[in-house]
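Residue numbers (numbering that gives the first Met the number 0): 0 to 334.
Note sheet for the following structure.
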Amino acid sequence: MKENLIVVCGAGGFIGGHLVADLLKQGHLRIRAVDLKPLDRWYQKFDGVENLCLDLQEIDCCRQALREAAWVYNLAADMGGMGFIEKNKALCMMTVLINTHLLKAAREHGVNRFFYASSACVYAHDKQTDPNVTGLQESDAYPAMPEDGYGWEKLFSERMCRHYTEDFGLITRVARFHNVYGPHGTFDGGREKAPAAICRKVISALQSGKHEIEIWGDGHQTRSFMYIDDCLHGSQAIMRSEEINFPINLGSEEKVSINQLVDLVESIAGVKLQRRYNLSAPKGVNGRNSENTLIRKMLGWEPSISLRTGLEKTYAWIHDQMKSGASKDSVVNIS
Ligand code: NAD
Numbered sequence: 000m001k002e003n004l005i006v007v008c009g010a011g012g013f014i015g016g017h018l019v020a021d022l023l024k025q026g027h028l029r030i031r032a033v034d035l036k037p038l039d040r041w042y043q044k045f046d047g048v049e050n051l052c053l054d055l056q057e058i059d060c061c062r063q064a065l066r067e068a069a070w071v072y073n074l075a076a077d078m079g080g081m082g083f084i085e086k087n088k089a090l091c092m093m094t095v096l097i098n099t100h101l102l103k104a105a106r107e108h109g110v111n112r113f114f115y116a117s118s119a120c121v122y123a124h125d126k127q128t129d130p131n132v133t134g135l136q137e138s139d140a141y142p143a144m145p146e147d148g149y150g151w152e153k154l155f156s157e158r159m160c161r162h163y164t165e166d167f168g169l170i171t172r173v174a175r176f177h178n179v180y181g182p183h184g185t186f187d188g189g190r191e192k193a194p195a196a197i198c199r200k201v202i203s204a205l206q207s208g209k210h211e212i213e214i215w216g217d218g219h220q221t222r223s224f225m226y227i228d229d230c231l232h233g234s235q236a237i238m239r240s241e242e243i244n245f246p247i248n249l250g251s252e253e254k255v256s257i258n259q260l261v262d263l264v265e266s267i268a269g270v271k272l273q274r275r276y277n278l279s280a281p282k283g284v285n286g287r288n289s290e291n292t293l294i295r296k297m298l299g300w301e302p303s304i305s306l307r308t309g310l311e312k313t314y315a316w317i318h319d320q321m322k323s324g325a326s327k328d329s330v331v332n333i334s
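See the structure below:
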């Protein structure tokens with residue numbers, strides 16, 4: 000297996016970059032990393048890996064990306080946090096071309112296994128109206144009323160995977176990620192998600208001496224957050240599984256409100272800030288949490304890193320980046 004070619008699509012981004020790092024650590028010898036962005040804007044890039052800049056919305060680029068591939072991880076998407084997906088629904092939906100063309104190329108090239116990164120945004124809106132939400136089970140995606148734009152694209156792409164398996168025998172694996180966070184992700188510029196945005200705002204408040212923070216919504220909305228290492232282990236376990244041929248939750252069950260998330264970051268930073276609530280900012284659904292009965296039963300998988308521990312690592316990394324004046328596009332080159 001270590002000699003087989005693994006292709007990571009979206010490798011210049013947050014999760015894809017970490018996945019390449021992890022595959023290298025495990026001793027995989029042939030890795031191809033693919034992303035739309037020019038190499039100098041990849042969050043992490045590695046020597047000893049075939050790094051390709053390709054637009055995977057184009058079928059010919061997908062054919063080039065997947066040539067000789069055994070396993071494919073599709074983590075490429077035009078996406079971001081609520082601030083991005085609520086204002087860029089058409090762009091989010093254009094990502095459907097990536098998964099569609101990758102599946103087509105995977106079939107043509109006889110790829111053995113194909114992983115698709117779906118999202119908790121596929122879950123039906125009416126199951127997420129209460130901040131005291133009970134965890135979302137896999138079946139809660141139907142009857143369908145996902146997040147407009149981004150969620151519809153994810154749900155459609157999930158079904159494309161299913162039908163490629165049923166009709167053409169391509170082995171596909173689909174994980175529904177619930178908010179992934181950690182170092183080497185975006186923390187400014189408009190695509191950042193809540194944990195990184197809150198870390199940045201707290202650090203900015205400390206740096207400027209202006210001890211206040213803007214919170215999107217009333218702060219009562221709830222979510223769970225999964226540290227990147229847990230996401231990597233879970234994704235690869237799902238990919239290796241012989242049985243999980245349906246979309247499955249991959250997330251933490253540690254539900255917190257956004258106010259509690261701010262409490263945690265403040266306590267890591269050792270500061271208390273004046274809170275200003277922006278009720279007209281994008282805030283997403285009122286309550287969302289993962290329900291892990293299925294993945295626990297099938298893989299014995301549990302997140303291993305608490306929100307506090309994961310946030311400490313994330314905060315420290317963003318703090319270093321901001322102190323050195325780096326932006327979200329700063330790149331780590333590892334030989
Ligand atoms: P990211 O934005 O950091 O990475 C995605 C990468 O895809 C980017 O580097 C981008 O340049 C690349 N990309 C976009 N369009 C492309 C194209 N046409 N061709 C080639 N590359 C292209 O996002 P991420 O957080 O690493 O997310 C990875 C996957 O996981 C995505 O599918 C995302 O929807 C999904 N997901 C992420 C989260 C999360 O919390 N991070 C939650 C749910 C689902």
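For each residue, glycine too, the CB sits at the ideal point set by N, CA and C.
Query, Result
"Bridge partners of arginine 158, per DSSP?", "Answer is none; arginine 158 lacks a bridge partner."
"What is the DSSP secondary structure of phenylalanine 176, counted as helix, strand or coil?", "strand"
"Should lysine 192 and glycine 80 be called a contact, given that it needs their Cβ atoms to be closer than 9 Å?", "yes"
"Is the segment 218 to 232 touching the segment 196 to 209, taking contact as three or more C-beta pairs under 8 Å?", "no"
"Do glycine 233 and asparagine 178 come within 9 Å of each other at the CB atom, strictly closer than that value?", "no"
"Can you find a heavy atom of ligand 1 that lies under 8 Å from the Cβ of cysteine 77?", "Inspection of the sequence shows that residue 77 is occupied by aspartate rather than by cysteine. Yes, the beta carbon of aspartate 77 sits closer than 8 Å to at least one heavy atom of ligand 1."
"State the Cα-Cα distance for the pair tyrosine 314 and valine 33, rounded to the nearest angstrom.", "28 Å"
"Is the segment 112 to 131 close to the segment 45 to 64, with three or more CB pairs under 8 Å?", "no"
"My assumption, with CB atoms under 8 Å, is that leucine 263 sits in contact with leucine 306. Please give the rounded CB distance.", "7 Å"
"Kindly identify the DSSP beta-bridge partner or partners of tryptophan 335.", "Because the chain in this structure spans residues 0 to 334, residue 335 falls outside the shown range and cannot be described."
"Taking the CB atoms as reference points, tell me whether glutamate 265 and serine 223 lie closer together than 9 Å.", "no"
"CA-CA distance, glycine 26 and proline 281?", "42 Å"
"Following a CB-centred definition, is valine 71 positioned closer than 8 Å to any heavy atom of ligand 3?", "This structure does not include ligand 3; its bound ligands are ligand 1."
"Taking Cβ positions, are phenylalanine 114 and methionine 238 nearer each other than 9 Å?", "yes"
"Give me the Cα-Cα distance between cysteine 160 and glutamate 137, rounded to the nearest whole angstrom.", "16 Å"
"Measure the Cβ-Cβ separation of tyrosine 122 and alanine 140 and say whether it is below 9 Å.", "yes"
"Got a sec: does ligand 1 put a non-hydrogen atom nearer than 8 Å to the Cβ of valine 33?", "yes"
"Can you give the Cα-Cα distance for leucine 51 and glycine 109, rounded to whole angstroms?", "21 Å"
"Within 10 Å of its beta-carbon, does leucine 22 have 16 or more other beta-carbons around it, so buried, or fewer, so exposed?", "buried"
"Please state if the CB of leucine 135 and the CB of alanine 143 are separated by a distance shorter than 9 Å.", "no"
"Can you tell me whether DSSP reads phenylalanine 45 as helix, strand or coil?", "strand"
"Between leucine 18 and tyrosine 72, how many whole angstroms is the CB-CB distance? I'm expecting something under 8 Å.", "6 Å"
"Between Asn244, Ser303, Ala76, which has its C-alpha nearest methionine 297's C-alpha?", "Asn244"
"On the DSSP letters alone, give me the boundaries of the alpha helix (DSSP H) that isoleucine 267 sits inside.", "257 to 268"
"Can you have a look at threonine 346 and say buried or exposed, based on whether 16 or more other CB atoms are within 10 angstroms of its CB?", "The structure shown does not extend to residue 346, since the chain spans only 0 to 334, so no value can be given for it."
"What's the C-alpha gap between phenylalanine 276 and histidine 219?", "One detail in the question is off: residue 276 reads as tyrosine in this sequence, not phenylalanine. Each residue's Cα considered, the two are about 11 Å apart."
"If you draw a straight line from the C-alpha of methionine 321 to the C-alpha of histidine 183, how long is it?", "13 Å"
"Using a threshold of 8 Å, is the CB atom of tryptophan 41 nearer than that to any non-hydrogen atom of ligand 1?", "yes"
"For glycine 16, which residues in the same chain have their Cβ closer than 7 Å to its Cβ, ignoring the five residues on either side in sequence?", "Ala10, Trp41, Tyr42, Gln43, His183"
"Among Gly181, Asn3, Ser156, which residue has its Cα nearest to the Cα of tryptophan 316?", "Gly181"
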